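Its first residue numbered 1, the sequence shown is counted upward by one per residue in UniProt numbering.
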Amino acid sequence: MEQRQNTRKIGIPGVVAIMLASSLTVMVGNAITPALPQLGEVYGLGNYASWLVTAPALGVVASAVFFGKLIDRKGPYWVAFFGLLLYGIFGVAGGYMPNAVAIFVDRFLLGVATAAIMSSAVALIAAFFQGERQLRLIAVQGMSMEFGGVIFLSISGVLADISWRCPFYIYGLGILAFLLLIFFVPRCGRAAEEQSQEESQGAGKGVPIPLVLLIAFLGMLMFFTAMVSLPIYLQTELGYSPSFTGYYLAALDLIAVLAAGFMPNIVRKIQEKGCLTIAFCCYGIAFLLYFLSGHAVVLWIAVFFAGLGFGCSTPLFNSLIVNKSTPEKKGLNISFCTMAMFLGQFLSALLVSAFSGTTLFLVAFIIAFVIAACILPVAGRYHRIRG
């Protein structure tokens, strides 16, 4: 009964507010990717400019558990409130930092704000929805994250042609999401107060949470290896413009949007483990194509598979964590998932720095297919043990 009341109370504008907030989380690093070569020159970073994309992830990793505990104690509303406000402030300020140290500090603090937003957005969905509707809302959240990437990356590429500072203005959307949260999202209590007894009984079955966190980490490692390396690869080695890079990465996000929309139907037919296996196979195919050729046709085929990989995996991570968590630890476990995903994002820069040229794509191809080959046997083992 409580769940039905919450669903009616939030309304469509409230759901839109949560989705806009969610769309800000993936773009936290991506918004400046078309300007990476220019940022490398301005701040004297050279190839290490890619760390500007992943620096917010370090802030997420450092603070996610704190926000998870805060959500379990106070509820997700106020965590989202302060997260969105600080996101807008630190995001725009990044374009006016005087030196490399300052911009890295600013990007770290932007990541702290992002940790608050991402954990609280998932917790808000978990508080107002459950069951099949919850899975669909989390899938829509994944679509929102990626559709935001389509819009923001397209705009960012154009803005980067004007000035390296201009893409930072996109972060001002955090203030808009902050206002929508105030006006349209009702304040909700702790997850333990909002969820049903049946949901609590279903927690903990099947593959344990640590393995879900591991697959979430690896999934984001694959995605951001592509996102961090492609701008430099396209512009430096293949000679494309920043605006083309923005449109290309936006196309990746658009495909991910469509894939996330179909994801619940795929899960119904082949379960979560089958969907995740397909996702990592798609990542592997994309990296193999990047390794084999830089021809335009091959690039567009590769971006199709990369988008499928992201859309079929990322929304599932949050859904699995929510379903496997007891109400008392839901916020904490969501924060662990946030931390795992952004740790994958952060370490993708290490992978990009360790391997140069197309060798990186070969290494990523091998990693992706090894992961895909392990998912079904590992999941099957735990289902037999706990079945």
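Cβ coordinates follow ideal geometry from the N, Cα and C atoms, glycine included. Values in this document were obtained by computation on a predicted structure and should not be read as measured data.
- In this structure, the straight-line span from the alpha carbon of S348 to that of A35 is close to 18 Å.
- Within the same chain, P186 come within 6 Å of K9 by CB-CB distance, once the 5 residues on both sides are set aside.
- The beta carbons of L24 and I117 sit about 6 Å from each other, so the pair counts as a contact at 8 Å.
- Taking the Cβ atoms as the reference, A21 lies roughly 5 Å from A121, within the contact range of under 8 Å.
- DSSP places W164 in the coil class of the three-state scheme, outside both helix and strand.
- When DSSP assignments are scanned along the segment 308-372, the uninterrupted stretches of alpha helix (DSSP H) that are 4 or more residues long and fall wholly within it turn out to be 314-324 and 330-354.
- When rounded, the separation of the alpha-carbon atoms in A80 and S63 is 14 Å.
- By the beta-carbon neighbour count (other beta carbons within 10 angstroms, threshold 16), F336 is buried.
- From the listed residues R136, L362, T114 and S119, the smallest Cα separation to L70 is found for S119.
- Note that the C-beta distance between I138 and N333 is not below 8 Å.
- Annotation for G174: L24, L84, Y87, G88 and G91 place their beta carbon closer than 7 Å to its own, counting only its chain and skipping 5 residues before and after.
- Under a 10 Å Cβ-count criterion, G157 is classified as buried, with 16 or more other Cβ atoms of the shown protein chains found around its own Cβ.
- Between C166 and L159 a beta carbon distance of about 4 Å is seen, short of the 8 Å cut, so the two are scored as contacting.
- Under the three-state reduction of DSSP, Y248 is assigned to helix.
- The three-state reading of DSSP puts L179 in helix, counting H, G and I together.
- With 16 or more other CB atoms across the displayed protein chains lying within 10 angstroms of its CB, S229 is buried.
- When the beta-carbon positions are compared, F280 and I371 come within less than 8 Å of each other.
- Here A302 has A286, L289 and Y290 as same chain residues with Cβ atoms under 6 Å from its own Cβ, once five neighbours each way along the sequence are excluded.
- Residue burial annotation: F183 is exposed, with fewer than 16 other C-beta atoms found within 10 angstroms of its C-beta.
- Excluding five sequence positions before and after L218, the CB atoms of its chain that fall closer than 7 Å to its own CB belong to G344 and I371, given in chain order.
- By the CB criterion at 8 Å, M341 and F317 fall inside the cutoff.
- Residue environment for N323: buried (at least 16 other C-beta atoms within 10 angstroms of its C-beta).
- Here the segment 26-40 makes contact with the segment 52-62; the two share three or more CB pairs at distances below 8 Å.
- DSSP, reduced to helix, strand and coil, places V207 outside both helices and strands of the structure shown, so it counts as coil.
- Residue environment: P98 is assigned as exposed (fewer than 16 neighbouring CB atoms within 10 Å of its CB, all protein chains considered).
- Distance check between I155 and each of E132, S243 and V16 places S243 closest, using alpha-carbon atoms only.
- Listed in chain order, the non-local C-beta contacts of D161 below 6 Å within the same chain comprise P242 and S243, local neighbours out to five positions each way being set aside.
- In this structure, L234 lies away from T225, with their beta-carbon atoms at least 8 Å apart.
- For E41, the enclosing alpha helix (DSSP H) begins and ends at L36 to V42.
- Shown here, P242 sits in a helix according to DSSP, grouped into three states.
- In the displayed model, I32 falls within coil according to three-state DSSP, outside both helix and strand.
- Burial state of W300 is exposed, judged by a 10 Å Cβ sphere holding fewer than 16 other Cβ atoms.
- For L362, same chain residues with a beta-carbon under 7 Å away, outside a window of 5 residues either side, are F291 in chain order.
- In the same chain as A216, and ignoring 5 residues on each side of it, the C-beta atoms closer than 6 Å to its own belong to F317, C337, A340 and M341, in chain order.
- Taking F310 as the centre and dropping the five residues before and after it, the same chain places the C-beta of F223 and A256 closer than 6 Å to its C-beta, in chain order.
- For R187, the secondary structure class from DSSP, reduced to helix, strand or coil, is coil.
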